[in-house]
Amino acid sequence: MGGEWEYKPIDEVAEKVAMGPFGSSIKVSTFVTEGVPILSGQHLNETQVQDGENNFITHAHADKLRNANVFRGDVIFTHAGNIGQVAYIPKNSRYERYVISQRQFYMRCNTSKILPEFVAYYFKSPQGQHKLLANSTPSGVPSIARPVTYLRSIEIPVPTILEQKRVVQMLVSVDNKIEANRKINKTLEEIARAIFKHWFIDFEFPNENGEPYKSSGGEMIDSPLGPIPKEWRVGNISDIANILGGGTPRTSINEYWDGDIPFFTPKDAKALYCIYTEKCLTKKGLQSCSSRLYEKNTVFITARGTVGKLALAGTPMAMNQSCYALTGKEVSQYFLYFAIDNLVDSLKQSSHGAVFSTITTATLESTKALIPEASVEKNFRDRIASLFETMLTNYEENGKLSKLRDSLLPKLMSGEIIVPVSEKEVDQL
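Residues 1351 to 1779, numbered by this note's numbering, are exactly what the sequence shown covers, in order.
So this is what it looks like as C-alpha coordinates:
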(Lines of atoms letter the chains of each structure in order from A and count residues from 1; the text may use other names and numbers.)
(Lines give C-alpha, C1' and ligand atoms only; values in the text may rest on other atoms or scores of the structure.)
Protein backbone atom coordinates (compact mmCIF):
# COMPACT_ATOMS: atom_id res chain seq x y z
CA MET A 1 0.00 0.00 0.00
CA GLY A 2 1.00 3.64 -0.44
CA GLY A 3 1.70 4.05 3.26
CA GLU A 4 4.51 1.53 2.79
CA TRP A 5 6.13 3.46 -0.03
CA GLU A 6 9.27 5.26 1.01
CA TYR A 7 9.41 9.02 0.45
CA LYS A 8 12.69 10.60 -0.60
CA PRO A 9 13.71 14.15 -1.50
CA ILE A 10 14.15 14.83 -5.21
CA ASP A 11 17.83 15.52 -4.51
CA GLU A 12 18.33 11.81 -3.75
CA VAL A 13 16.73 10.52 -6.95
CA ALA A 14 17.77 13.18 -9.48
CA GLU A 15 20.99 13.36 -11.44
CA LYS A 16 20.44 17.05 -12.05
CA VAL A 17 18.02 19.92 -11.39
CA ALA A 18 18.71 23.12 -13.33
CA MET A 19 17.18 26.39 -14.50
CA GLY A 20 16.52 27.69 -17.98
CA PRO A 21 18.69 30.45 -19.47
CA PHE A 22 18.66 34.13 -18.53
CA GLY A 23 15.98 36.05 -20.40
CA SER A 24 18.54 37.96 -22.44
CA SER A 25 20.12 34.72 -23.67
CA ILE A 26 17.28 33.93 -26.06
CA LYS A 27 15.68 36.73 -28.06
CA VAL A 28 13.39 36.84 -31.07
CA SER A 29 16.35 38.15 -33.05
CA THR A 30 18.20 34.87 -32.36
CA PHE A 31 15.45 32.66 -33.81
CA VAL A 32 16.18 30.65 -36.95
CA THR A 33 14.00 28.47 -39.17
CA GLU A 34 15.81 25.24 -38.27
CA GLY A 35 18.02 24.15 -35.41
CA VAL A 36 17.39 23.26 -31.77
CA PRO A 37 13.74 23.75 -30.72
CA ILE A 38 12.82 25.89 -27.70
CA LEU A 39 10.39 24.50 -25.12
CA SER A 40 8.03 26.92 -23.38
CA GLY A 41 4.80 26.66 -21.41
CA GLN A 42 2.69 26.03 -24.52
CA HIS A 43 4.43 22.67 -24.92
CA LEU A 44 3.75 21.53 -21.34
CA ASN A 45 -0.04 21.26 -21.25
CA GLU A 46 -0.05 17.45 -21.23
CA THR A 47 1.96 14.87 -19.30
CA GLN A 48 4.24 14.41 -22.31
CA VAL A 49 5.93 17.40 -23.93
CA GLN A 50 3.89 18.30 -27.02
CA ASP A 51 5.94 18.89 -30.14
CA GLY A 52 4.25 21.57 -32.21
CA GLU A 53 4.93 25.15 -33.13
CA ASN A 54 8.47 25.61 -31.85
CA ASN A 55 10.88 28.47 -32.26
CA PHE A 56 14.47 27.43 -32.98
CA ILE A 57 17.99 28.61 -32.24
CA THR A 58 21.18 27.47 -33.92
CA HIS A 59 23.08 24.44 -32.64
CA ALA A 60 26.02 26.71 -31.84
CA HIS A 61 23.77 28.96 -29.74
CA ALA A 62 22.31 25.92 -27.97
CA ASP A 63 25.82 24.67 -27.23
CA LYS A 64 26.52 27.93 -25.38
CA LEU A 65 23.39 27.32 -23.26
CA ARG A 66 24.40 23.76 -22.43
CA ASN A 67 22.98 23.91 -18.90
CA ALA A 68 19.55 24.67 -20.39
CA ASN A 69 19.71 21.77 -22.87
CA VAL A 70 17.18 19.02 -22.19
CA PHE A 71 16.80 15.55 -23.69
CA ARG A 72 14.46 12.57 -23.83
CA GLY A 73 13.58 11.49 -20.30
CA ASP A 74 14.02 14.93 -18.73
CA VAL A 75 11.08 16.34 -16.73
CA ILE A 76 10.27 20.00 -17.43
CA PHE A 77 8.55 22.38 -14.97
CA THR A 78 7.33 25.98 -15.26
CA HIS A 79 8.49 28.26 -12.42
CA ALA A 80 6.97 31.58 -13.58
CA GLY A 81 3.68 32.40 -15.25
CA ASN A 82 1.56 29.27 -15.68
CA ILE A 83 3.11 27.57 -12.66
CA GLY A 84 2.19 23.97 -11.94
CA GLN A 85 2.95 22.81 -15.48
CA VAL A 86 5.01 19.64 -15.68
CA ALA A 87 5.76 17.26 -18.56
CA TYR A 88 8.42 14.76 -19.54
CA ILE A 89 10.12 14.43 -22.92
CA PRO A 90 9.08 10.99 -24.23
CA LYS A 91 11.30 8.44 -25.92
CA ASN A 92 9.59 9.07 -29.25
CA SER A 93 9.85 12.87 -29.17
CA ARG A 94 10.32 14.61 -32.52
CA TYR A 95 13.71 16.00 -31.53
CA GLU A 96 16.57 14.56 -29.49
CA ARG A 97 17.63 17.89 -27.97
CA TYR A 98 15.72 20.97 -26.84
CA VAL A 99 16.49 24.21 -25.00
CA ILE A 100 14.06 25.35 -22.30
CA SER A 101 12.94 28.96 -22.02
CA GLN A 102 13.73 31.25 -19.10
CA ARG A 103 10.43 30.37 -17.36
CA GLN A 104 11.19 26.66 -17.19
CA PHE A 105 13.49 24.44 -15.15
CA TYR A 106 14.08 20.71 -15.31
CA MET A 107 14.95 17.51 -13.50
CA ARG A 108 17.08 14.72 -14.93
CA CYS A 109 16.20 11.44 -13.22
CA ASN A 110 18.48 8.74 -11.92
CA THR A 111 16.49 6.06 -13.72
CA SER A 112 17.83 3.29 -11.51
CA LYS A 113 15.82 4.93 -8.72
CA ILE A 114 12.90 6.74 -10.35
CA LEU A 115 11.25 6.95 -13.76
CA PRO A 116 10.64 10.33 -15.42
CA GLU A 117 7.10 9.27 -16.33
CA PHE A 118 6.38 8.51 -12.66
CA VAL A 119 7.78 11.89 -11.59
CA ALA A 120 5.65 13.76 -14.14
CA TYR A 121 2.47 11.93 -13.19
CA TYR A 122 3.17 12.44 -9.49
CA PHE A 123 3.49 16.20 -9.92
CA LYS A 124 0.26 16.17 -11.95
CA SER A 125 -1.58 14.61 -9.00
CA PRO A 126 -3.31 16.78 -6.37
CA GLN A 127 -0.65 15.87 -3.78
CA GLY A 128 2.18 16.66 -6.19
CA GLN A 129 0.62 19.95 -7.30
CA HIS A 130 0.11 20.97 -3.68
CA LYS A 131 3.78 20.35 -2.89
CA LEU A 132 5.02 22.00 -6.08
CA LEU A 133 2.98 25.17 -5.53
CA ALA A 134 3.50 25.43 -1.76
CA ASN A 135 6.47 27.75 -2.31
CA SER A 136 4.75 29.95 -4.91
CA THR A 137 4.05 33.68 -4.80
CA PRO A 138 0.67 34.45 -6.44
CA SER A 139 1.04 38.25 -6.55
CA GLY A 140 2.14 39.86 -9.81
CA VAL A 141 3.42 37.17 -12.16
CA PRO A 142 2.87 33.86 -10.29
CA SER A 143 6.19 32.20 -9.58
CA ILE A 144 7.86 29.48 -7.53
CA ALA A 145 10.49 30.94 -5.22
CA ARG A 146 13.99 29.46 -5.54
CA PRO A 147 12.62 26.69 -7.81
CA VAL A 148 15.76 24.55 -8.11
CA THR A 149 16.54 24.53 -4.39
CA TYR A 150 12.90 24.04 -3.53
CA LEU A 151 12.32 21.15 -5.96
CA ARG A 152 15.37 19.34 -4.63
CA SER A 153 13.84 19.44 -1.15
CA ILE A 154 10.41 18.05 -2.11
CA GLU A 155 9.86 14.50 -0.91
CA ILE A 156 8.05 12.18 -3.30
CA PRO A 157 7.07 8.50 -3.09
CA VAL A 158 9.72 6.14 -4.44
CA PRO A 159 8.27 2.65 -4.86
CA THR A 160 10.25 -0.06 -6.62
CA ILE A 161 10.92 0.42 -10.34
CA LEU A 162 8.49 -2.43 -11.07
CA GLU A 163 5.74 -0.71 -9.08
CA GLN A 164 6.50 2.57 -10.83
CA LYS A 165 6.21 0.84 -14.21
CA ARG A 166 2.85 -0.63 -13.23
CA VAL A 167 1.48 2.79 -12.33
CA VAL A 168 2.93 4.44 -15.42
CA GLN A 169 1.65 1.74 -17.76
CA MET A 170 -1.95 2.23 -16.65
CA LEU A 171 -1.80 6.03 -16.94
CA VAL A 172 0.11 6.00 -20.22
CA SER A 173 -2.42 3.61 -21.76
CA VAL A 174 -5.18 6.13 -21.04
CA ASP A 175 -3.11 9.06 -22.30
CA ASN A 176 -2.15 7.16 -25.45
CA LYS A 177 -5.83 6.62 -26.28
CA ILE A 178 -6.49 10.33 -25.70
CA GLU A 179 -3.58 11.24 -27.96
CA ALA A 180 -4.74 8.81 -30.67
CA ASN A 181 -8.18 10.45 -30.67
CA ARG A 182 -6.53 13.86 -30.78
CA LYS A 183 -4.50 12.91 -33.85
CA ILE A 184 -7.59 11.52 -35.59
CA ASN A 185 -9.47 14.74 -34.88
CA LYS A 186 -6.57 16.84 -36.17
CA THR A 187 -6.61 14.90 -39.44
CA LEU A 188 -10.41 15.09 -39.78
CA GLU A 189 -10.41 18.83 -39.09
CA GLU A 190 -7.68 19.35 -41.69
CA ILE A 191 -9.77 17.41 -44.22
CA ALA A 192 -12.88 19.48 -43.44
CA ARG A 193 -10.90 22.72 -43.74
CA ALA A 194 -9.39 21.60 -47.04
CA ILE A 195 -12.84 20.83 -48.46
CA PHE A 196 -14.15 24.23 -47.31
CA LYS A 197 -11.20 26.01 -48.94
CA HIS A 198 -11.54 24.00 -52.15
CA TRP A 199 -15.25 24.77 -52.43
CA PHE A 200 -15.70 28.26 -50.99
CA ILE A 201 -12.34 30.00 -51.52
CA ASP A 202 -10.97 28.30 -54.63
CA PHE A 203 -14.53 27.81 -56.00
CA GLU A 204 -13.78 24.26 -57.10
CA PHE A 205 -16.98 22.72 -55.72
CA PRO A 206 -18.47 19.99 -57.95
CA ASN A 207 -20.62 21.35 -60.77
CA GLU A 208 -23.68 19.52 -62.13
CA ASN A 209 -21.34 17.06 -63.87
CA GLY A 210 -19.22 16.47 -60.77
CA GLU A 211 -16.34 18.51 -62.19
CA PRO A 212 -14.50 21.32 -60.32
CA TYR A 213 -16.55 24.47 -61.03
CA LYS A 214 -13.98 27.19 -61.67
CA SER A 215 -11.31 25.21 -63.50
CA SER A 216 -14.01 23.63 -65.68
CA GLY A 217 -15.05 27.04 -66.98
CA GLY A 218 -17.83 27.83 -64.50
CA GLU A 219 -19.21 31.34 -64.97
CA MET A 220 -17.86 33.96 -62.54
CA ILE A 221 -19.35 37.38 -61.80
CA ASP A 222 -17.88 40.52 -60.23
CA SER A 223 -18.57 41.29 -56.56
CA PRO A 224 -17.20 43.52 -53.76
CA LEU A 225 -15.03 40.54 -52.76
CA GLY A 226 -13.78 39.88 -56.29
CA PRO A 227 -15.00 37.33 -58.83
CA ILE A 228 -17.48 34.80 -57.41
CA PRO A 229 -19.55 32.00 -58.98
CA LYS A 230 -22.77 32.94 -60.72
CA GLU A 231 -25.82 32.58 -58.43
CA TRP A 232 -23.66 33.38 -55.39
CA ARG A 233 -23.79 36.77 -53.68
CA VAL A 234 -22.02 38.93 -51.13
CA GLY A 235 -23.88 39.96 -47.99
CA ASN A 236 -23.05 40.55 -44.34
CA ILE A 237 -22.49 38.11 -41.49
CA SER A 238 -25.95 39.10 -40.26
CA ASP A 239 -27.37 37.61 -43.49
CA ILE A 240 -26.06 34.14 -42.66
CA ALA A 241 -26.09 34.16 -38.85
CA ASN A 242 -28.18 35.17 -35.87
CA ILE A 243 -25.84 37.05 -33.53
CA LEU A 244 -26.73 36.43 -29.89
CA GLY A 245 -25.27 37.49 -26.56
CA GLY A 246 -24.65 36.02 -23.14
CA GLY A 247 -24.43 37.00 -19.51
CA THR A 248 -23.04 36.01 -16.13
CA PRO A 249 -25.05 35.32 -12.96
CA ARG A 250 -23.94 37.08 -9.79
CA THR A 251 -20.87 35.26 -8.53
CA SER A 252 -21.76 36.06 -4.91
CA ILE A 253 -24.85 33.83 -5.01
CA ASN A 254 -23.68 30.25 -4.50
CA GLU A 255 -26.93 28.63 -5.62
CA TYR A 256 -26.30 29.94 -9.15
CA TRP A 257 -23.06 27.99 -9.55
CA ASP A 258 -21.64 24.45 -9.66
CA GLY A 259 -24.68 22.97 -11.36
CA ASP A 260 -24.76 20.74 -14.42
CA ILE A 261 -25.13 23.41 -17.15
CA PRO A 262 -21.80 24.14 -18.89
CA PHE A 263 -20.96 27.86 -18.94
CA PHE A 264 -18.77 28.90 -21.87
CA THR A 265 -16.21 31.70 -21.43
CA PRO A 266 -13.16 32.68 -23.55
CA LYS A 267 -11.00 30.33 -21.42
CA ASP A 268 -12.95 27.39 -22.83
CA ALA A 269 -12.12 28.14 -26.49
CA LYS A 270 -9.33 25.57 -26.65
CA ALA A 271 -10.40 23.24 -29.44
CA LEU A 272 -12.89 22.81 -32.27
CA TYR A 273 -15.53 21.47 -29.86
CA CYS A 274 -16.13 22.52 -26.27
CA ILE A 275 -17.87 19.95 -24.09
CA TYR A 276 -16.53 20.56 -20.59
CA THR A 277 -16.21 24.11 -19.26
CA GLU A 278 -14.29 25.49 -16.28
CA LYS A 279 -17.53 26.74 -14.71
CA CYS A 280 -21.08 25.40 -14.65
CA LEU A 281 -24.44 26.94 -13.75
CA THR A 282 -27.54 25.72 -11.99
CA LYS A 283 -30.99 26.20 -13.55
CA LYS A 284 -31.50 29.18 -11.22
CA GLY A 285 -28.19 30.61 -12.37
CA LEU A 286 -29.21 30.34 -16.01
CA GLN A 287 -32.59 31.92 -15.29
CA SER A 288 -30.92 34.82 -13.48
CA CYS A 289 -28.68 35.91 -16.37
CA SER A 290 -29.17 37.13 -19.92
CA SER A 291 -27.73 34.01 -21.55
CA ARG A 292 -29.99 31.41 -23.05
CA LEU A 293 -29.18 27.70 -23.23
CA TYR A 294 -27.53 27.40 -26.63
CA GLU A 295 -27.94 24.23 -28.66
CA LYS A 296 -25.22 21.78 -29.65
CA ASN A 297 -23.14 23.04 -32.60
CA THR A 298 -23.73 26.70 -31.78
CA VAL A 299 -20.67 28.68 -32.91
CA PHE A 300 -19.07 30.73 -30.12
CA ILE A 301 -16.64 33.55 -30.91
CA THR A 302 -14.69 35.43 -28.23
CA ALA A 303 -15.33 39.16 -28.51
CA ARG A 304 -13.33 40.80 -25.71
CA GLY A 305 -9.68 40.59 -24.68
CA THR A 306 -8.35 37.75 -26.80
CA VAL A 307 -10.77 38.20 -29.67
CA GLY A 308 -11.60 35.88 -32.51
CA LYS A 309 -11.20 32.46 -30.89
CA LEU A 310 -13.86 30.01 -32.07
CA ALA A 311 -15.45 26.86 -30.70
CA LEU A 312 -18.53 24.77 -31.36
CA ALA A 313 -20.77 23.81 -28.46
CA GLY A 314 -20.44 20.05 -28.03
CA THR A 315 -23.50 19.98 -25.79
CA PRO A 316 -26.17 22.55 -24.82
CA MET A 317 -24.53 25.30 -22.77
CA ALA A 318 -24.81 28.89 -21.59
CA MET A 319 -22.31 31.64 -22.41
CA ASN A 320 -20.91 34.77 -20.77
CA GLN A 321 -21.01 38.32 -22.10
CA SER A 322 -17.45 38.24 -23.51
CA CYS A 323 -18.57 36.11 -26.45
CA TYR A 324 -21.18 35.96 -29.18
CA ALA A 325 -23.22 32.91 -30.10
CA LEU A 326 -23.90 32.41 -33.80
CA THR A 327 -26.64 30.25 -35.28
CA GLY A 328 -27.02 29.80 -39.01
CA LYS A 329 -29.69 31.41 -41.15
CA GLU A 330 -30.34 28.73 -43.78
CA VAL A 331 -26.71 27.60 -43.61
CA SER A 332 -25.31 24.76 -41.53
CA GLN A 333 -23.32 25.33 -38.36
CA TYR A 334 -20.40 23.59 -40.07
CA PHE A 335 -20.34 26.08 -42.94
CA LEU A 336 -20.88 28.95 -40.50
CA TYR A 337 -17.92 27.86 -38.35
CA PHE A 338 -15.48 27.87 -41.26
CA ALA A 339 -16.97 31.01 -42.82
CA ILE A 340 -16.48 32.96 -39.57
CA ASP A 341 -13.04 31.42 -39.04
CA ASN A 342 -12.08 32.68 -42.49
CA LEU A 343 -13.15 36.21 -41.45
CA VAL A 344 -11.36 36.29 -38.07
CA ASP A 345 -8.40 38.38 -39.28
CA SER A 346 -10.78 40.97 -40.72
CA LEU A 347 -12.78 41.03 -37.47
CA LYS A 348 -9.61 41.48 -35.41
CA GLN A 349 -8.55 44.44 -37.54
CA SER A 350 -11.96 46.03 -37.00
CA SER A 351 -11.98 45.47 -33.21
CA HIS A 352 -12.09 48.45 -30.86
CA GLY A 353 -10.97 49.26 -27.32
CA ALA A 354 -8.30 51.37 -25.63
CA VAL A 355 -7.31 48.65 -23.15
CA PHE A 356 -8.87 45.42 -24.42
CA SER A 357 -9.81 44.70 -28.01
CA THR A 358 -13.54 44.25 -28.53
CA ILE A 359 -15.58 43.00 -31.46
CA THR A 360 -18.85 44.93 -31.38
CA THR A 361 -22.19 43.62 -32.57
CA ALA A 362 -22.19 46.31 -35.26
CA THR A 363 -18.80 45.11 -36.55
CA LEU A 364 -19.96 41.51 -36.61
CA GLU A 365 -23.24 42.35 -38.35
CA SER A 366 -21.66 44.54 -41.03
CA THR A 367 -18.63 42.42 -41.97
CA LYS A 368 -18.91 41.20 -45.56
CA ALA A 369 -19.51 37.50 -46.07
CA LEU A 370 -19.81 35.29 -49.13
CA ILE A 371 -23.19 33.57 -49.46
CA PRO A 372 -23.10 30.46 -51.66
CA GLU A 373 -25.93 29.04 -53.70
CA ALA A 374 -28.08 26.90 -51.38
CA SER A 375 -27.54 23.54 -53.08
CA VAL A 376 -23.74 23.91 -52.88
CA GLU A 377 -23.89 24.66 -49.15
CA LYS A 378 -26.21 21.67 -48.62
CA ASN A 379 -23.84 19.37 -50.50
CA PHE A 380 -20.98 20.64 -48.33
CA ARG A 381 -23.03 19.99 -45.18
CA ASP A 382 -23.81 16.44 -46.31
CA ARG A 383 -20.18 15.82 -47.25
CA ILE A 384 -18.61 16.82 -43.93
CA ALA A 385 -21.35 16.08 -41.36
CA SER A 386 -19.90 12.64 -40.59
CA LEU A 387 -16.45 14.19 -40.03
CA PHE A 388 -17.84 16.53 -37.39
CA GLU A 389 -19.88 13.75 -35.77
CA THR A 390 -16.78 11.56 -35.49
CA MET A 391 -14.75 14.45 -34.06
CA LEU A 392 -17.43 15.17 -31.47
CA THR A 393 -17.54 11.50 -30.47
CA ASN A 394 -13.76 11.53 -30.01
CA TYR A 395 -13.89 14.74 -27.96
CA GLU A 396 -16.57 13.17 -25.76
CA GLU A 397 -14.50 10.02 -25.29
CA ASN A 398 -11.42 12.07 -24.44
CA GLY A 399 -13.39 13.97 -21.82
CA LYS A 400 -14.43 10.72 -20.17
CA LEU A 401 -10.91 9.29 -20.39
CA SER A 402 -9.45 12.46 -18.86
CA LYS A 403 -11.88 12.22 -15.95
CA LEU A 404 -10.99 8.55 -15.50
CA ARG A 405 -7.27 9.33 -15.52
CA ASP A 406 -7.68 12.24 -13.10
CA SER A 407 -9.69 10.08 -10.69
CA LEU A 408 -7.14 7.25 -10.87
CA LEU A 409 -4.08 9.49 -10.59
CA PRO A 410 -4.18 10.32 -6.84
CA LYS A 411 -5.10 6.73 -5.94
CA LEU A 412 -2.33 5.25 -8.05
CA MET A 413 0.21 7.77 -6.78
CA SER A 414 -0.68 7.06 -3.17
CA GLY A 415 -0.55 3.30 -3.67
CA GLU A 416 -4.25 3.01 -2.76
CA ILE A 417 -4.78 1.15 -6.05
CA ILE A 418 -2.27 -1.59 -6.81
CA VAL A 419 -2.03 -2.51 -10.49
CA PRO A 420 -1.77 -6.30 -10.99
CA VAL A 421 0.66 -6.36 -13.91
CA SER A 422 3.50 -8.83 -14.36
CA GLU A 423 7.10 -7.73 -14.74
CA LYS A 424 7.14 -9.17 -18.28
CA GLU A 425 4.23 -6.92 -19.28
CA VAL A 426 5.92 -3.73 -18.14
CA ASP A 427 9.38 -4.51 -19.52
CA GLN A 428 8.50 -2.59 -22.69
CA LEU A 429 8.32 0.71 -20.80
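Ideal Cβ positions, reconstructed from N, Cα and C, are used throughout, including at glycine.
According to the DSSP secondary-structure assignment, A1661 is paired through a beta bridge with F1650.
A residue is called buried once 16 or more other Cβ atoms fall within 10 Å of its Cβ, and Y1357, having fewer, is exposed. Taking C-beta separations shorter than 6 Å and ignoring five residues to either side along the sequence, the partners of V1694 in its chain run G1658, following chain order. Collapsing the DSSP output to three states places T1461 in coil.
Remark: C-beta atoms of Q1477 and P1760 approach each other more closely than 9 Å. Rounded to the nearest angstrom, the gap between the Cα atoms of F1688 and L1465 is 44 Å. Between K1646 and the set T1428, I1360, P1612, the nearest pair of CA atoms involves P1612. DSSP, read as helix, strand or coil, puts G1478 in helix. Each residue's CA atom was taken as its position, placing P1722 and R1422 some 50 Å apart. The continuous stretches of beta strand (DSSP E) do not include M1520, which lies in the alpha helix (DSSP H) extending over residues 1511-1550. Sequence-distant Cβ neighbours of L1742 in its own chain, meaning closer than 7 Å and more than five residues away, are Y1623, G1664. The C-alpha of K1620 lies about 16 Å from the C-alpha of M1667.
Judged by DSSP secondary structure, K1761 falls within the alpha helix (DSSP H) whose first and last residues are 1724-1764. Assignment of beta strand (DSSP E) within the region 1566-1610, counting only whole runs of 3 or more residues, yields 1583-1586, 1591-1594 in chain order. Where R1447 is concerned, there is no enclosing alpha helix (DSSP H), although the beta strand (DSSP E) around it starts and stops at 1447-1450. Taking a contact to require three or more Cβ pairs closer than 8 Å, the region 1427-1438 and the region 1403-1416 do not qualify as touching. In this structure, the straight-line span from the alpha carbon of I1578 to that of I1551 is close to 9 Å. Taking C-beta atoms as the reference points, F1427 and Q1454 count as a pair closer than 9 Å. For the pair of segments examined, the region 1602-1610 was found to touch the region 1629-1637: the number of CB pairs separated by less than 8 Å reaches three. Judged by pairs of C-beta atoms under 8 Å, the region 1724-1734 touches the region 1540-1555, as three or more such pairs exist. The beta-carbon distance between V1681 and I1590, rounded to whole angstroms, is 5 Å. This is short enough to meet the 8 Å contact definition. Under the rule that a run must span 3 or more residues, the beta strand (DSSP E) segments found entirely inside the region 1402-1457 read 1419-1421, 1425-1428, 1436-1438, 1447-1450.
Residue state for T1710 is assigned as coil, using DSSP reduced to three classes. Relative to S1493, the option among M1570, S1503, L1482 whose CA is nearest is L1482.
DSSP places I1767 outside any alpha helix (DSSP H), giving it a letter other than H or E.
Take the alpha-carbon of V1522 and the one of E1581: they are about 53 Å apart. Between M1570 and F1555, the CB-CB gap reaches or exceeds 9 Å.
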